[in-house]
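S.K.:
There are 2 protein chains.
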Amino acid sequence: MLDINAERLLSDLGELSAIGQFRTGVHRPSLSAEHLACCRWLMDKLTAAGLDPFMDGIGNVLGRSTRPGQHLLAGSHLESQNHAGRLDGPLGVLYALETARALQEQRPGHAKGIDVAAWCDEEGHFGSFLGSRSFVGQVSEIEIDKATDRTHGHTMRDALAKAGLAGKQRLTVSLERYLGYFEAHIEQGDVLESERLTIGVVTSIVGLWQYRITFEGVQNHAGTTRMAIRRDAGVALARFMGMVEERMPTVAAERTVWTTGSITLDPGAPSIIPGRADMMFQFRDADPDVLLRLDKALMAWIAEADRIGPCRVSAVNLRKGVPARMDPSMQAAIEAAAQQHAGARHKRIPSGAGHDAQILATVMPAAMLFVPSIGGISHHWTENTEDADIVSGGRVFAAAAGAMLGL
Amino acid sequence: MLDINAERLLSDLGELSAIGQFRTGVHRPSLSAEHLACCRWLMDKLTAAGLDPFMDGIGNVLGRSTRPGQHLLAGSHLESQNHAGRLDGPLGVLYALETARALQEQRPGHAKGIDVAAWCDEEGHFGSFLGSRSFVGQVSEIEIDKATDRTHGHTMRDALAKAGLAGKQRLTVSLERYLGYFEAHIEQGDVLESERLTIGVVTSIVGLWQYRITFEGVQNHAGTTRMAIRRDAGVALARFMGMVEERMPTVAAERTVWTTGSITLDPGAPSIIPGRADMMFQFRDADPDVLLRLDKALMAWIAEADRIGPCRVSAVNLRKGVPARMDPSMQAAIEAAAQQHAGARHKRIPSGAGHDAQILATVMPAAMLFVPSIGGISHHWTENTEDADIVSGGRVFAAAAGAMLGL
Chain U
4 MLDINAERLL
14 SDLGELSAIG
24 QFRTGVHRPS
34 LSAEHLACCR
44 WLMDKLTAAG
54 LDPFMDGIGN
64 VLGRSTRPGQ
74 HLLAGSHLES
84 QNHAGRLDGP
94 LGVLYALETA
104 RALQEQRPGH
114 AKGIDVAAWC
124 DEEGHFGSFL
134 GSRSFVGQVS
144 EIEIDKATDR
154 THGHTMRDAL
164 AKAGLAGKQR
174 LTVSLERYLG
184 YFEAHIEQGD
194 VLESERLTIG
204 VVTSIVGLWQ
214 YRITFEGVQN
224 HAGTTRMAIR
234 RDAGVALARF
244 MGMVEERMPT
254 VAAERTVWTT
264 GSITLDPGAP
274 SIIPGRADMM
284 FQFRDADPDV
294 LLRLDKALMA
304 WIAEADRIGP
314 CRVSAVNLRK
324 GVPARMDPSM
334 QAAIEAAAQQ
344 HAGARHKRIP
354 SGAGHDAQIL
364 ATVMPAAMLF
374 VPSIGGISHH
384 WTENTEDADI
394 VSGGRVFAAA
404 AGAMLGL
Chain Z
4 MLDINAERLL
14 SDLGELSAIG
24 QFRTGVHRPS
34 LSAEHLACCR
44 WLMDKLTAAG
54 LDPFMDGIGN
64 VLGRSTRPGQ
74 HLLAGSHLES
84 QNHAGRLDGP
94 LGVLYALETA
104 RALQEQRPGH
114 AKGIDVAAWC
124 DEEGHFGSFL
134 GSRSFVGQVS
144 EIEIDKATDR
154 THGHTMRDAL
164 AKAGLAGKQR
174 LTVSLERYLG
184 YFEAHIEQGD
194 VLESERLTIG
204 VVTSIVGLWQ
214 YRITFEGVQN
224 HAGTTRMAIR
234 RDAGVALARF
244 MGMVEERMPT
254 VAAERTVWTT
264 GSITLDPGAP
274 SIIPGRADMM
284 FQFRDADPDV
294 LLRLDKALMA
304 WIAEADRIGP
314 CRVSAVNLRK
324 GVPARMDPSM
334 QAAIEAAAQQ
344 HAGARHKRIP
354 SGAGHDAQIL
364 ATVMPAAMLF
374 VPSIGGISHH
384 WTENTEDADI
394 VSGGRVFAAA
404 AGAMLGL
């Protein structure tokens, strides 16, 4: 089996967390100076670990091993959400790096190896999983032409040119090289913490279905228009949202989650009755049948609200994400490693968040390991995990990876 | 009695509507080139009508008569909401102008006269009734220093300087000069139209109470946070809004109106549970006791929602507008004129919208006359009134003004 150097792992995490530091977290948007500094830091470490690093034309870093056999692809991402945590992404890259070093030190002659990856833009500054989707061949040049930063509006082409990556080759997967993909991540929820567990064995990554629901009424003066004749799109939205919150539990499964993340009233002035209102509504579940059932229910509620009036109600589906099942034998390897190295304080759980593993899972066996998030907090600079849990997670990751490599 | 020249009135309206035309309406923000062109147009007409025009340091135009007796102050405003109608404001100015001309032509020797006013920024591009409030002495230099355009953000000081008004005297009311203020306006509602009436005798201008209601929950990841532990500020807002819509009819009076004009979820991203939500909520009524009762009920509902949780709920009152009662004897004069010149197709109604008359009413007797709005539409370029109703309104206005002047 493989074992990690805990001190080196925590020291690496400290170095990486200092790049683009923001309070106790980091601010490292995709292709920003800080993100690129992290990529260079990683490439130096990969070289030192005996791997051959390459940064490709979309900002992916891949450290390739020169071993003759099949490889385990392992990693995560280095950029962050704006003003967010230091572990979301980097932890998975550091576990992969440390495991590759352990393999180099402890089993130099083993035929099978590890390739270490840091996918660009998992956090979606420019698009949706652009780096890992490019690697599996799902991103066209046209998609990159159109991609702009959601915070500042600059184009991805400009950002790539500034990073010296314009015109550089984009790496794509060679399927015969890889036996599977393995990614570690913080849970970003509170299941492990609340049950005093240290390892989550991910069973699947949930599918996310996203809708824009639109209410069309009549815009008018808020002082002169009698209540009886109003067709207020904002009121229609609030009533619909209340109804959805009441009815969702009757059709949802145990772990389904649903969220209205944004609401826009048009024109949005205090003294004008909104003529139009939009809400962004999503639900997530690991079971495709549940997703279909929820979609059917939502469409029926929308038709009902439209029929009752007084506003027209319609919806556009923006995303129908397929749940990604994690590979059963890789799950078993993680579970066995947790049994041995984490006092059996593990549990099989689905991932409610999206990860690059769901993209890799479309072309090869994939697996994920979770460590606890303190207070379940993520996408915020206060995001954190106990050092002991970070080390324990690294041990289980390396042991499971070793098993996947036949050690 | 005084009578108008209907052809001249409609011709003036045509000339004025061509300045800053937008589709069938106009786009004339306060102190824009188009608004200033209207002011110059008016000043020429005032001079021709034998009045002495002056544009003051806040953009008010006042055409003063030279008659020795007391005066009726009459007018409205010339700027528009963005891309809005041609009648909201200009109609009242044109009625005042035409009535002043009728007085000049038909009663040149009468001691009492008419001053014609076009108040700047009734539509609130820079503030709240800045022109008429300046005229009654309610606007400090500091308030003007701070005023910025709500659409483009430029300062009122810059706009005044560009208009050549920097440092110019601001006119203030001399109370002994005026026997009262008289303003005509489109109804902006559908009461007159739906009852096939042509004249509204305004009894009062409603008081407007405005609140920002805030919901504080916990921001978190929309995929990883279980439904059971969420404190979603957006859901709390929607539930509260549904409750308010249900309960308001039980405490409101017959003509009370209430509106949620804008909603903000923070941070407002599809995959983030809103940690904070704000709604702008207002109600309006002509009865001070009703306003107090509604405020008390709203505060109780907010306390109840805060107690029940899971989000904190609080409110800030942004405005407690006092209803403005119109002068009874001036109302009687309008009613008598409508009886004689509009076939008694008139009705006493409150104004749900705010008008400069409510500002003038704080220092002198004030009255308003309404003409019908087609479809009740206003603050939109499709706003309109039948020519026959425009002429009939002008006749009643002039006749009532004549009566107020003792003719």
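Same order as they appear, the protein sequences are chains U and Z. In terms of the numbering used here, the numbers along the first sequence are unbroken and rise by one, the last being 410. In terms of the numbering used here, the numbers along the second sequence are unbroken and rise by one, the last being 410. Think of the CB as a built atom: it goes at the ideal place given N, C-alpha and C, for glycine as much as any other residue.
Could you check if ILE232 (chain Z) is buried or exposed, using at least 16 other CB atoms within 10 Å of its CB as the buried criterion?
M.R.: By the neighbour-count rule (16 or more Cβ atoms within 10 Å), ILE232 (chain Z) is not buried but exposed.
S.K.: Listed from N- to C-terminal order along the chain, which residues in the stretch 255-279 of chain Z have their beta-carbon within a distance smaller than 9 Å of any beta-carbon of chain U?
M.R.: Residues ALA255, ARG258, THR259, VAL260, TRP261, THR262, THR263, GLY264, SER265, ILE266, THR267, LEU268, PRO270, GLY271, ALA272, PRO273, SER274, ILE275, ILE276, PRO277.
S.K.: Measure the alpha-carbon distance for ARG153 (chain Z) versus PHE286 (chain U) and round it to whole angstroms.
M.R.: Their Cα atoms are separated by approximately 37 Å.
S.K.: What residue from U:GLY312, U:GLU125, U:VAL316, U:ARG351 has the CA that sits closest to PHE218 (chain U)'s CA?
M.R.: Measuring from the Cα of PHE218 (chain U), the nearest candidate turns out to be U:VAL316.
S.K.: Quick check: GLY95 (chain Z) and HIS188 (chain Z), are their CB atoms within less than 7 Å of each other?
M.R.: Their beta carbons are under 7 Å apart, which means GLY95 (chain Z) touches HIS188 (chain Z) by this criterion.
S.K.: If you check the beta carbons only, do VAL205 (chain U) and MET329 (chain U) fall under 7 Å apart?
M.R.: Yes, the pair counts as a contact, with Cβ atoms nearer than the cut-off.
S.K.: Can you name, in chain order, every residue of its own chain whose Cβ lies under 8 Å from the Cβ of LEU195 (chain U), other than the five neighbours on each side?
M.R.: For LEU195 (chain U), where only same-chain residues beyond five positions count, the Cβ hits under 8 Å are THR201, ILE202, GLY203, LYS350, ILE352, PHE373, VAL374, PRO375, SER376.
S.K.: Counting only runs that start and end within the stretch 112-157 of chain U, where is the alpha helix (DSSP H) found for 4 or more residues in a row?
M.R.: Here the runs fully enclosed are 133-138, 144-149.
S.K.: Which chain U residues are close to ILE232 (chain Z), counting only those with a beta carbon under 8 Å from its beta carbon?
M.R.: Chain U residues near ILE232 (chain Z): ASP193, GLY379.
S.K.: Applying the criterion that 16 or more other CB atoms from any shown protein chain within 10 Å of the CB defines a buried residue, is LEU321 (chain U) buried or exposed?
M.R.: Counting Cβ neighbours within 10 Å, LEU321 (chain U) comes out exposed, since fewer than 16 surround it.
S.K.: Assuming the contact rule is C-beta atoms closer than 8 Å, LEU163 (chain U) and GLY53 (chain U) should be a hit. Round their C-beta distance to whole Å, please.
M.R.: The Cβ separation is near 29 Å, so there is no contact.
S.K.: If we cut at 7 Å on Cβ distances, does HIS382 (chain Z) have a partner in chain U?
M.R.: Chain U, which has a Cβ nearer than 7 Å to the Cβ of HIS382 (chain Z), makes this yes.
S.K.: Quick one: what's got a C-beta closer than 6 Å to ARG104 (chain Z)'s C-beta in the same chain, skipping five residues either side?
M.R.: Taken in chain order, the residues that qualify are ALA52.
S.K.: Under 7 Å between C-beta atoms, does GLY237 (chain Z) make it to chain U?
M.R.: So yes, GLY237 (chain Z) belongs to the interface.
S.K.: My output table needs one value for VAL29 (chain Z): the three-state DSSP class, helix, strand or coil.
M.R.: The answer is strand: DSSP assigns VAL29 (chain Z) an E or B state.
S.K.: What does DSSP give as the partner residues of HIS224 (chain U) in its beta bridges?
M.R.: Paired residue(s): U:ILE275.
S.K.: So is ARG242 (chain U) in contact with chain Z if we call contact Cβ pairs under 7 Å?
M.R.: Judged by the 7 Å Cβ criterion, ARG242 (chain U) is in contact with chain Z.
S.K.: Less than 7 Å between the beta carbons of PHE243 (chain Z) and LEU75 (chain Z), yes or no?
M.R.: No; because the gap between Cβ atoms is not below 7 Å, this pair is not in contact.
S.K.: Would you call ILE311 (chain Z) buried or exposed, if buried means 16 or more other Cβ atoms sit within 10 Å of its Cβ?
M.R.: It is exposed - the Cβ of ILE311 (chain Z) has fewer than 16 other Cβ atoms within 10 Å.
S.K.: ARG328 (chain U) by DSSP, collapsed to three states: which one?
M.R.: In this structure, ARG328 (chain U) counts as strand in the three-state DSSP scheme.
S.K.: Are the stretch 127-135 of chain U and the stretch 104-115 of chain U in contact at 8 Å, needing three or more beta carbon pairs?
M.R.: They do not touch, by the three-pair rule.
S.K.: Looking at the unbroken alpha helix (DSSP H) that takes in GLU10 (chain U), where does it start and where does it end?
M.R.: It spans 9-20 - the alpha helix (DSSP H) in which GLU10 (chain U) sits, taken as one unbroken run.
S.K.: Assuming ALA114 (chain Z) contacts PRO71 (chain Z) (C-beta within less than 8 Å), just tell me the rounded distance between them.
M.R.: About 5 Å; that satisfies the 8 Å criterion.
S.K.: Is HIS157 (chain Z) buried or exposed, if buried means 16 or more other CB atoms sit within 10 Å of its CB?
M.R.: So HIS157 (chain Z) counts as exposed.
S.K.: Step through the CB atoms of chain U and report whether any lies within less than 7 Å of the CB of GLU179 (chain Z).
M.R.: It does not: the Cβ of GLU179 (chain Z) has no partner Cβ on chain U nearer than 7 Å.
S.K.: Looking at MET333 (chain Z): is its Cβ nearer than 7 Å to the Cβ of GLY183 (chain Z)?
M.R.: Cβ atoms of MET333 (chain Z) and GLY183 (chain Z): closer than 7 Å.
S.K.: To the nearest angstrom, how far is the alpha carbon of TYR181 (chain U) from that of ASP288 (chain U)?
M.R.: Roughly 28 Å separates the two Cα atoms.
S.K.: At the 7 Å Cβ level, is VAL113 (chain U) part of the contact set with chain Z, yes or no?
M.R.: It is His, not Val, that sits at residue 113 (chain U) in the sequence shown. Closer than 7 Å: no.
S.K.: Report the residues of the stretch 208-228 of chain Z with a CB closer than 8 Å to any CB of chain U, ordered along the chain.
M.R.: Within the stretch 208-228 of chain Z, the residues whose Cβ lies closer than 8 Å to some Cβ of chain U are VAL209, LEU211, GLN213, GLN222, ASN223, HIS224, ALA225, GLY226, THR227, THR228, listed in chain order.
S.K.: At which residues does the alpha helix (DSSP H) containing VAL238 (chain Z) begin and terminate?
M.R.: Here the alpha helix (DSSP H) through VAL238 (chain Z) covers 236-254.
S.K.: Compare the beta carbon distance of ALA3 (chain Z) and ALA404 (chain Z) with 7 Å and say whether it is the shorter of the two.
M.R.: Lying outside 4 to 410, the shown extent of chain Z, residue 3 (chain Z) is not represented and no answer is given.
S.K.: Would the beta-carbon of GLY226 (chain Z) fall within 7 Å of that of ALA356 (chain U)?
M.R.: A contact, by the Cβ cut-off of 7 Å.
S.K.: Can we say the stretch 387-398 of chain U touches the stretch 164-177 of chain U, given the rule of at least three CB pairs closer than 8 Å?
M.R.: Too few Cβ pairs lie closer than 8 Å, so no.
S.K.: Express the C-alpha separation of ILE117 (chain Z) and LEU65 (chain Z) in angstroms, rounding to a whole number.
M.R.: Each residue's alpha carbon lies about 11 Å from the other.
S.K.: So with Cβ pairs under 7 Å, would you call GLU2 (chain Z) a contact of chain U?
M.R.: In the structure as shown, chain Z begins at 4 and stops at 410. Residue 2 (chain Z) is therefore absent and cannot be evaluated.
S.K.: Give the interface partners of MET371 (chain Z) over in chain U, defined as CB-CB distance under 9 Å, in chain order.
M.R.: Residues of chain U passing the Cβ test: none, with the nearest at roughly 13 Å.
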